[in-house]
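This is the structure:
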């Protein structure tokens, strides 16, 4: 019998969340036993987060071109973690063991404090307070610069919402009014954000057959993933999280989500900045020593009628 990954569980009413200490994100979130997030670490499931499932992305989300960026006149080189595209992907806290700072029945605060890393000379302190309610889960994140000089900063979460366990291809994803950032084959921006005319047409229609890896910008950050009967989940975020990467794992593309029909799932990744923000500066925060970047999200159940 294989033990699951180190984790902590919080409960409120019929809603329960299990937070993985590796990666700092939820490995399970259920309402009445039905999945609100694609899970892992349970019986018969992969013990580590597949495809970065639900982990915290910091001190940058998404990709950095060739792992190279400049800040305040100094050039930095990060480790390449996505060799096929020659990028530094998703920061470095997703591979770390987090610690439990405070644990109550319905809440837990997880903390990680990496020192300077190759290409990142600033020590950081990242904390996430997770609070489960009768309807879902809320996360409040703070990324603090513990260094002695100003630091660039951006954060995100690699969430995989689930419409109460329904097959992804039967579900619809409803997006808010948004703009679209064109990306090249490496997932790098290749133009200015623009009105979304036909790039993601009829996103509210069933996801069957849709292969997505797109970046959206919105001032109304609320997404709904629903079954045909309207039940599902609603993701809403604070204004800082206005960039979203929408990604569909798929066995046909060689990147399946384990245990799902056809390897299909959908990631809705809220971010404070788009891909390659360490180079473009778009959405990038500048944190003086001791200052923090904060943001929050919540995932609520849309119960069947």
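In this note's numbering, the protein residues as written are 2 to 306. Even for Gly, the Cβ is constructed at its ideal location relative to N, Cα and C.
(message) Comparing C-alpha positions only, which one of 17, 304, 22 sits nearest to residue 112?
(response) 22
(message) Let me make sure I understand the geometry here. Which of 150, 142, 51 has the alpha-carbon closest to that of residue 73?
(response) 150
(request) Closer than 6 angstroms by C-beta to residue 10: which residues in its own chain qualify, once you throw out the five before and the five after it? Chain order, please. (result) 19
(message) Please report the straight-line C-alpha distance between residue 41 and residue 262, rounded to a whole angstrom.
(response) 15 angstroms
(request) List in chain order: all unbroken alpha helix (DSSP H) runs of 4+ residues lying wholly within the segment 131-188. (result) none
(request) Figure out for me which residue from 246, 89, 167 has the closest Cα to the Cα of residue 216. (result) 246
(request) Pick out whichever of 251, 257, 249, 218 has its Cα sitting closest to the Cα of residue 240. (result) 218
(request) Measure the alpha-carbon distance for residue 178 versus residue 268 and round it to whole angstroms. (result) 18 angstroms
(message) Which residue marks the beginning of the alpha helix (DSSP H) containing residue 281, and which one marks its end?
(response) 278-281
(message) In whole angstroms, give me the CA-to-CA distance for residue 299 and residue 30.
(response) 12 angstroms
(request) Within 10 angstroms of the Cβ of residue 163, are there 16 or more other Cβ atoms? Answer buried if so, exposed if not. (result) buried
(message) Bridge partners for residue 121 per DSSP, in chain order?
(response) 118
(message) Between which residues of its own chain and residue 3 is the CB-CB distance below 7 angstroms, once the five residues before and five after are set aside?
(response) Because the pLDDT at residue 3 is just 45, under 50, the model does not fix this residue reliably, and the value given afterwards should be weighed accordingly. Result list for residue 3: 48, in chain order.
(request) Throw me the rounded Cβ distance for the residue 277 and residue 189 pair, which I believe falls under 8 angstroms. (result) 5 angstroms
(message) Looking at the strands, I want to know which residues DSSP matches up with residue 191.
(response) According to DSSP, residue 191 bridges with nothing at all.
(message) What does the alpha-carbon distance come out to for the pair residue 185 and residue 243?
(response) 21 angstroms
(request) Could you check how far apart the C-beta atoms of residue 264 and residue 135 are, in whole angstroms? I think they sit under 8 angstroms. (result) Their Cβ separation, rounded to whole angstroms, is 33 angstroms, which puts residue 264 and residue 135 out of contact at 8 angstroms.
(request) Might you give, ordered along the chain, the residues of its own chain that have their beta carbon closer than 8 angstroms to the beta carbon of residue 97, omitting 5 neighbours on each side? (result) In chain order, 23, 24, 25, 113, 115 place their CB closer than 8 angstroms to the CB of residue 97, counting only its own chain and leaving out the 5 sequence neighbours on each side.
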